[in-house]
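Below is one structure, written out as structure tokens; the observations come after it.
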Amino acid sequence: MPHVSKHPETQVLHAAWRADPATGSVAVPIHQTTSYQFNSTEHAASLFALQELGNIYTRIMNPTTDVLERRLAEIEGGVAALAVASGQAASAYAIKTLTRAGENVVASTDLYGGTWNLFANTLRDQGIEVRFVDPADPENFRRATDDKTRAYYAETLPNPKLAVFPIAEVAAIGRPLGIPLIVDNTAAPLLCHPFHHGAAIVIYSLTKYIGGHGTSIGGVIIDSGTFDWAALPARQPLLNTPDPSYHGAIWVEAVKPLGPVAYIIRARTVILRDEGAALSPFNAFQLIQGLETLPLRIARHCDNAVKVVEFLATHPSVTRVIHPSVAIGEARRRADTYLSGGKGALVGFELAGGAAAGRAFIEALQMFYHVANIGDSRSLAIHPASTTHSQLSAEEQAATGVTPGYIRLSIGLEHIEDIIGDLDQAIASVSAVKRD
Ligand SMILES: *Cc1c(COP(=O)(O)O)cnc(C)c1O
334 MPHVSKHPET
344 QVLHAAWRAD
354 PATGSVAVPI
364 HQTTSYQFNS
374 TEHAASLFAL
384 QELGNIYTRI
394 MNPTTDVLER
404 RLAEIEGGVA
414 ALAVASGQAA
424 SAYAIKTLTR
434 AGENVVASTD
444 LYGGTWNLFA
454 NTLRDQGIEV
464 RFVDPADPEN
474 FRRATDDKTR
484 AYYAETLPNP
494 KLAVFPIAEV
504 AAIGRPLGIP
514 LIVDNTAAPL
524 LCHPFHHGAA
534 IVIYSLTKYI
544 GGHGTSIGGV
554 IIDSGTFDWA
564 ALPARQPLLN
574 TPDPSYHGAI
584 WVEAVKPLGP
594 VAYIIRARTV
604 ILRDEGAALS
614 PFNAFQLIQG
624 LETLPLRIAR
634 HCDNAVKVVE
644 FLATHPSVTR
654 VIHPSVAIGE
664 ARRRADTYLS
674 GGKGALVGFE
684 LAGGAAAGRA
694 FIEALQMFYH
704 VANIGDSRSL
714 AIHPASTTHS
724 QLSAEEQAAT
734 GVTPGYIRLS
744 IGLEHIEDII
754 GDLDQAIASV
764 SAVKRD
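The sequence shown begins at 334 in our numbering and counts up one residue at a time.
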């Protein structure tokens with residue numbers, strides 16, 4: 334592919350696709366088909382035996398989705414990717430590819446609410462234990478590890494605390510133990526490159542910044558190809574012992590001719606095949622459209638967020654601003670190390686006046702959308718204490734970083750004067766509200 338360069342601005346437009354060989358179509362076609370005609374019985378047999386990779390059935394792979402997968406793998410610096418129907422499916426499958434009932438994963442406490450529920454309840458009910466540890470001290474991951482630990486899991490830029498995760502520190506604890514670090518990089522695409530810091534697997538909710546337009550739910554798992562799954566075979570039994578669900582294949586051996594892809598091939602050919610959360614080709618197409626402008630968008634998101642932080646920091650009704658650009662101490666060092674491409678567009682702040690002020694602020698917004706989402710091109714706001722975190726006790730809310738007056742903003746792409754104008758008028762209207 335002579336047109337593929339190393340720069341993301343170019344990769345989002347050119348990686349993994351030039352033109353359709355049959356029609357010359359430059360845009361990636363939507364292959365809205367369930368199945369694919371085999372050339373011969375021999376061809377069919379070799380596809381099923383994984384001697385050759387190719388299309389069989391859209392639950393397992395699809396040519397439109399394939400372009401999205403290969404493009405994302407190239408941008409992230411990985412060897413291969415698996416797109417799935419949502420970010421939730423990506424995190425669940427990333428773990429199930431390695432972990433069975435009776436085994437465990439060590440995860441950061443600072444997680445997206447949906448991931449928290451999946452880990453604390455649904456996976457636990459299926460026999461997979463997730464041990465939550467505070468990432469303030471990376472050694473907590475080692476302390477929670479035992480011989481049944483199959484993976485470490487964390488988010489680069491978790492909200493509401495917006496405290497950047499120590500990727501290299503935890504990856505370095507895991508590698509000699511044969512334990513991969515899986516990083517959810519949803520809030521920091523292009524801003525952080527987790528593979529450069531030793532992460533083995535990256536996942537995204539494509540629903541957020543990568544899609545950008547707020548039209549399509551999707552997720553992806555990307556394999557760095559740098560993790561040695563065979564180094565300590567007892568640590569990763571699902572990749573190192575015969576898999577009865579694929580006629581006794583030992584994945585690290587079986588896929589050797591295809592490259593260092595044992596993990597991502599098992600994710601596709603066993604977990605996606607059996608659990609079935611396939612991305613629709615139409616959504617893959619929509620996500621490809623969004624991805625084309627990600628480098629432009631993410632830079633503007635970050636620029637606008639920094640200006641919002643500057644505005645809030647000097648506002649007399651604002652008691653605290655939370656953003657990696659204003660972190661101090663070790664949190665600042667982590668932000669500078671891992672968010673080298675920009676500090677992200679999620680901004681937290683606290684209003685004097687507590688919960689009543691928080692709710693009144695949300696009611697007064699005119700342009701910002703009040704939604705439980707991040708990463709849209711539009712600016713979004715939510716008051717976690719009365720919504721996403723309302724089922725938690727006051728102590729639990731405090732532990733997750735949610736105070737009564739905390740507001741989470743996802744700064745969009747509107748003109749900065751309009752963004753600040755809406756915040757300014759909403760904060761002004763709150764001053765009238767009685768404090769609680
Ligand atoms: C939204 C989100 C998810 C879940 O993704 P869906 O596409 O909504 O299933 C996972 N992790 C993070 C950090 C998210 O923001």
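Heads up, the beta-carbon is just placed ideally off N, CA and C, and yes, glycines get one too.
Predicted model only: the values in this text are computed from it and were never measured.
**OP:** Identify whether D636 lies in helix, strand or coil by the three-state DSSP scheme.
**Re:** helix
**OP:** Take V585 and list the residues in its own chain whose beta-carbon comes closer than 7 Å to its own, dropping the five residues that flank it on each side.
**Re:** W562, A563, L572, N573 and A595
Subject >> I393: first and last residue of the uninterrupted alpha helix (DSSP H) it sits in >> reply: I393: not part of any alpha helix (DSSP H); DSSP gives it neither H nor E.
Original post:
Per DSSP, L684 is paired with what?
Top reply: V651
**OP:** For F560, I'd like the list of residues in its chain whose CB is within less than 6 Å of its CB, leaving aside the five on either flank, ordered along the chain.
**Re:** P513 and A533
Original post:
In three-state DSSP terms, what is F701?
Top reply: coil
**OP:** Measure the C-alpha to C-alpha separation of R404 and H546 and round it to an integer number of angstroms.
**Re:** 19 Å
Subject >> Enclosing beta strand (DSSP E) for D556 [first to last residue] >> reply: G552 to D556
Original post:
Is S368 helix, strand or coil when you go by DSSP?
Top reply: S368 falls in the strand class under three-state DSSP.
**OP:** Grab the span of the alpha helix (DSSP H) containing I661 for me, first residue to last.
**Re:** No alpha helix (DSSP H) holds I661; DSSP gives it neither H nor E.
**OP:** Just the C-alpha distance for A761 and L684, rounded to the nearest angstrom, thanks.
**Re:** Going by the C-alpha atoms only, they are around 11 Å apart.
Original post:
Just to check, is the beta-carbon of D517 closer than 7 Å to a non-hydrogen atom of ligand 1?
Top reply: yes
**OP:** With Y739 as the anchor, note down where its beta strand (DSSP E) starts and where it stops.
**Re:** Y739 to S743
Subject >> Touch test, the stretch 632-651 against the stretch 374-386, Cβ-Cβ under 8 Å, three pairs minimum >> reply: No: fewer than three Cβ pairs fall under 8 Å.
**OP:** Out of H748, L725 and P396, state which residue places its alpha-carbon closest to the alpha-carbon of G446.
**Re:** L725
**OP:** Could you check the C-alpha separation between P335 and I408 for me, to the nearest Å?
**Re:** Any reading at P335 needs caution, since the residue's pLDDT is 48, under 50, leaving its predicted position unreliable; the model's value is listed next. The straight-line gap from Cα to Cα measures roughly 16 Å.
**OP:** State buried or exposed for Y671, treating a residue as buried only when at least 16 other CB atoms are found within 10 Å of its CB.
**Re:** Classification of Y671: buried, given that the 10 Å Cβ count is 16 or more.
Original post:
For the beta strand (DSSP E) that contains L514, what are its first and last residues?
Top reply: L514 to D517
Subject >> R768 classed as buried or exposed, judged by whether at least 16 other C-beta atoms fall within 10 angstroms >> reply: At R768, the pLDDT of 49 sits below 50, so the modelled position is not reliable and the matter cannot be decided from this model.
Original post:
Which residue comes first and which comes last in the alpha helix (DSSP H) that contains L756?
Top reply: I749 to V763
Original post:
By Cβ distance, which residues of its chain are closer than 6 Å to W350, with the 5 residues on each side in sequence left out?
Top reply: Counting only Cβ-Cβ distances below 6 Å, and skipping sequence neighbours, we find V361 and V400.
Original post:
Is any heavy atom in ligand 1 found nearer than 7 Å to the beta carbon of S743?
Top reply: no
**OP:** Consult DSSP for L775 and reduce its assignment to one of helix, strand or coil.
**Re:** Residue 775 lies beyond the residue range present for the chain, which begins at 334 and ends at 769; the question has no answer from this structure.
Subject >> Helix, strand or coil at Y426 [DSSP, three-state] >> reply: helix
Original post:
Just curious, the alpha helix (DSSP H) that I597 is in, first and last residue?
Top reply: A595 to R599
Original post:
Which residues share a DSSP beta bridge with S673?
Top reply: Beta-bridge pairing links S673 to no other residue.
Original post:
Is the distance from the Cβ of T482 to the Cβ of A617 below 8 Å?
Top reply: no
**OP:** Answer yes or no: the CB of A685 versus the heavy atoms of ligand 1, is any distance below 7 Å?
**Re:** no
Original post:
Just to check, is the beta-carbon of Y426 closer than 7 Å to a non-hydrogen atom of ligand 1?
Top reply: no
**OP:** Let me know the secondary structure DSSP gives T343 once reduced to three states.
**Re:** helix
Original post:
Should N637 be labelled buried (16 or more other beta-carbon atoms within 10 Å of its own) or exposed?
Top reply: By the neighbour-count rule (16 or more Cβ atoms within 10 Å), N637 is buried.
Original post:
Quick check: the stretch 452-463 against the stretch 427-444, are there 3 or more CB pairs under 8 Å?
Top reply: Judged by Cβ distances under 8 Å, the stretch 452-463 makes contact with the stretch 427-444, as three or more pairs qualify.
Original post:
Is it the case that the CB of I550 approaches a heavy atom of ligand 1 more closely than 7 Å?
Top reply: yes
**OP:** Please confirm whether any heavy atom of ligand 1 lies closer than 7 Å to the CB of Q421.
**Re:** yes
Original post:
Cβ of R541 within 7 Å of any heavy atom in ligand 1?
Top reply: It is worth fixing the name first, because residue 541 is Lys in this sequence and not Arg. Yes, ligand 1 has a heavy atom inside 7 Å of this Cβ.
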